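Per UniProt numbering, the very first residue in the sequence shown carries number 1; after that it's consecutive. We treat Cβ as the ideally placed atom computed from N, Cα and C, and that holds for glycine. This one's a predicted model, so the numbers in the text were calculated from it and none came from an experiment. Have a look at the structure below, then the notes.
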Amino acid sequence: MDSVIKVLVVDDHKLFALGVLALLSSEPDIVVTDVASNAEECLRMAEIVSPHTVLLDINLPDSCGVDMISKIKQIDPDIGIVMLTGLSPLGHIDASLAQGASGFLLKDCTKEEMITAIRKAAKGEGYFSQSMAPYLKEELVRTPQQDPHDDKVASLTLRELEVFNLVVTGLRSKEIAEKLEITKRTVDFHIGNILLKLEAKSRLEIVLNYKKD
């Protein structure tokens, strides 16, 4: 990755987008390359500028932000995507992470939280703002719990178990691939098998059900 992190801001509220632009202007390692106000502009700009991180509003006038994640990833699977919302994110957290988002920010987050999220997403790491904590707890309550020592885990192969243990710690596919010295495509293949064997709908469900305190 370049020394300067290129950021694409996608939000139809111009004042908020301009505020983000002003907020990040003093960071020497971050540059906002463009501001998009809808899904069409987002995809066109992502093709042109090849951003490292996209700050993506959940609610766009012509598309749901969650639906945009996979389309952005088709342009470049290494683009980090941080979801933005000023409303309750419940119902969007699980879906966004399943599609490949790196993290979530409420729009009342601090400057430091936004900068941290951008930097982490550019490196393939995840991040949630502090104000997301109540919603993550609520998501945990909404997700059926399973015994972390049940025979579903025992059904995993040795390689799947290695991937599973790293998924539970919160690592993204790219990080897992580096640790196990395999390709990201292979990691995603194993994760697909793990989801089937554990009867889980997403990576977040695995983390919520199997992560140890």
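Look at Ala122 and His52 and say whether their C-beta atoms are less than 8 Å apart. Yes, Cβ-Cβ distance for Ala122 and His52 is below 8 Å.
Candidates Leu158, Leu43 and Ile58, of which the one nearest Gly86 by Cα: Closest option to Gly86, Cα to Cα, is Ile58.
Closest residue to Ala98 among Ser202, Val207 and Leu208 (Cα-Cα distance): Taking the Cα of Ala98 as reference, the smallest distance to any Cα among Ser202, Val207 and Leu208 is reached at Ser202.
Asp57, DSSP secondary structure in three states: Of the three classes helix, strand and coil, the one that applies to Asp57 here is strand, per DSSP.
CB contact below 8 Å: Lys71 versus chain C: Annotation note: the requested chain C is absent from the structure, which comprises a single protein chain.
What does the alpha-carbon distance come out to for the pair Ser26 and Ile115? If I take the Cα positions, the gap works out to 11 Å.
When Ile75, Leu84 and Pro77 are compared against Val66, the one with the closest alpha-carbon: Comparing Cα positions, the closest option is Leu84.
If you run the structure through DSSP and keep just helix, strand and coil, what is Ala98? Residue state, collapsed to three classes: helix.
Between Val141 and the rest of its own chain, which residues show a CB-CB distance below 7 Å, the 5 nearest in sequence each way excluded? Its pLDDT being 49, under 50, Val141 is placed unreliably in this model, and the value from its coordinates should be taken loosely. Sequence-distant Cβ neighbours of Val141 in its own chain, meaning closer than 7 Å and more than five residues away, do not exist here.
Who pairs with Lys6 in a beta bridge, going by DSSP? In DSSP, Lys6 forms a bridge with Val31.
Member of Ile93, Leu15, Leu158 and Cys42 whose CA lies at the smallest distance from the CA of Lys73: The option with the nearest alpha carbon to Lys73 is Cys42.
If you reduce the DSSP assignment to three classes, tell me which class Leu198 lands in. Leu198: helix per DSSP, three-state reduction.
One question on the structure: do Lys6 and Val49 come within less than 8 Å of each other, judged by their Cβ atoms? Contact: yes.
Rounded C-beta distance between Val82 and Leu8? I'm assuming under 8 Å. Contact flag wrong, Cβ pair sits at about 11 Å.
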